[in-house]
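Q: Protein chains in written order, with my numbering: chain A, 13 to 266; chain B, 245 to 303.
My questions will all concern the structure given below.
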């Protein structure tokens, strides 16, 4: 008897990790709320129709291929999840300071300009006269978004352009999109059968997700990112009967 | 005026490490001092640019 048969309705936490160089599971990151994590096993079958009975019946078949596809939906919004969705690599930016960053020329009243850094403070604009004059905050310009580093020009006055910005910027994390190829990740599902509270664990050794088909940036309700992918065969695990080549589930002994 | 940076800083698109001496105009020096990127102006200015030095001598 392998275990007690029971009804089931699963929930759980999905963790993803980079694979180590020797094909094992690296440090795991929790993927926050994942309302959908679905495996689809597909086989491509070739059949043989016999030609001797006079009925052309199916005489044999074999699987030409077996694949394990994945559909997953991420409710969370953070650099790790976006890195998976957008093939990016999170990179830290350390706080520092900037002076004399040249703004675009020909600015007119009402224009917005983008500073080169985010999370800015102590923003001061000077003009380009020989002895630079200082523009007045609230009169000549306004910092419209501290975090995005957006400044609105309120009144260019008689100041000489280009204007030059001086400011401090704080720590942040940058995620540049498509800075790496699709990465194989180890997935761990830390699951619970909500029907009776019993536990289950799942491992997928080489999960490769396609980039997110869409990433809605304006949301009426909660936002989420849907992705699909596939599980690749891990030859380093396949000979171990406790692992197999694609993945495994682990149940408590009854 | 030439000032010595107390921390890494970017001026006019160029990045400088802490300890570097850079030549900046007066409003920039004031901003750097106010934001503790250089010492207070009275002690931060290492030397005056040549042109300013000349005018001071003439005056």
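Beta carbons: idealized from backbone N, C-alpha and C, even for Gly.
Using a Cβ cut-off of 8 Å, pull out every chain B residue sitting near residue 236/A, in sequence order please.
A: For the purposes of this step, residue 236/A is identified with residue 224 of the first chain, where counting begins at 1. What residue 236/A touches in chain B: nothing, since even the nearest Cβ is about 38 Å away.
Q: Starting from the C-beta of residue 295/B, find all residues in its chain whose C-beta is less than 8 Å away, skip the five residues before and the five after it, and write them out in chain order.
A: Here residue 295/B corresponds to residue number 51 of the second chain, with the count starting at 1. Only weak support exists for where residue 295/B lies, its pLDDT of 48 falling under 50; the coordinates are left without a value.
Q: Just to confirm the assignment, what range does the beta strand (DSSP E) spanning residue 22/A have?
A: Translated into the one-based positions of the first chain, residue 22/A becomes position 10. From DSSP, the beta strand (DSSP E) with residue 22/A extends over 22-31.
Q: Looking at residue 132/A and residue 161/A, is the spacing between their C-beta atoms short of 7 Å?
A: Taking the first chain and counting its residues from 1, the one referred to as residue 161/A is at position 149. Taking the first chain and counting its residues from 1, the one referred to as residue 132/A is at position 120. Yes, Cβ-Cβ distance for residue 161/A and residue 132/A is below 7 Å.
Q: Report the rounded CA-to-CA distance for residue 155/A versus residue 110/A, giving the unit in angstroms.
A: Taking the first residue of the first chain as position 1, residue 155/A is located at position 143. Taking the first residue of the first chain as position 1, residue 110/A is located at position 98. Computed Cα separation, rounded: 16 Å.
Q: For the segment 98-118 of chain A, which residues have a beta carbon sitting closer than 8 Å to at least one beta carbon of chain B?
A: Those would be 108, 109, 110, 111, 112, 113 and 114, in chain order.
Q: Taking just the CA atoms, how far does residue 64/A sit from residue 71/A?
A: Stepping through the first chain from its first residue, residue 71/A is reached at position 59. Stepping through the first chain from its first residue, residue 64/A is reached at position 52. If I take the Cα positions, the gap works out to 10 Å.
Q: Which residue or residues does DSSP assign as beta-bridge partners of residue 214/A?
A: Mapped onto the first chain, residue 214/A falls at position 202. According to DSSP, residue 214/A bridges with 201/A and 261/A.
Q: Shortest alpha-carbon distance to residue 256/A belongs to which of 225/A, 241/A, 215/A and 50/A?
A: The count along the first chain starts at 1 and reaches residue 256/A at position 244. Of 225/A, 241/A, 215/A and 50/A, the residue nearest in Cα terms is 215/A.
Q: From residue 83/A to residue 127/A, what does the alpha carbon distance come to, in whole angstroms?
A: Walking along the first chain from the start, residue 83/A turns up at place 71. Walking along the first chain from the start, residue 127/A turns up at place 115. Roughly 39 Å between the two C-alpha positions.
Q: Tell me whether residue 275/B is buried or exposed, calling it buried when 16 or more other Cβ atoms sit within 10 Å of its Cβ.
A: As a position in the second chain, residue 275/B is number 31, starting the count at 1. Counting Cβ neighbours within 10 Å, residue 275/B comes out buried, since at least 16 surround it.
Q: Using a Cβ-Cβ cutoff of less than 7 Å, which residues in the same chain neighbour residue 298/B once the five nearest sequence positions on both sides are dropped?
A: Start at 1 with the first residue of the second chain, and residue 298/B comes out as number 54. Note that residue 298/B scores 42 on pLDDT, short of 50, meaning its location in the model is unreliable; the coordinates nonetheless yield the value given after this. Excluding sequence neighbours, residue 298/B sits near nothing in its chain.
Q: Could you spell out the range, first to last residue, of the beta strand (DSSP E) harbouring residue 102/A?
A: The residue labelled residue 102/A in the question sits at position 90 within the first chain. Residues 101-105.
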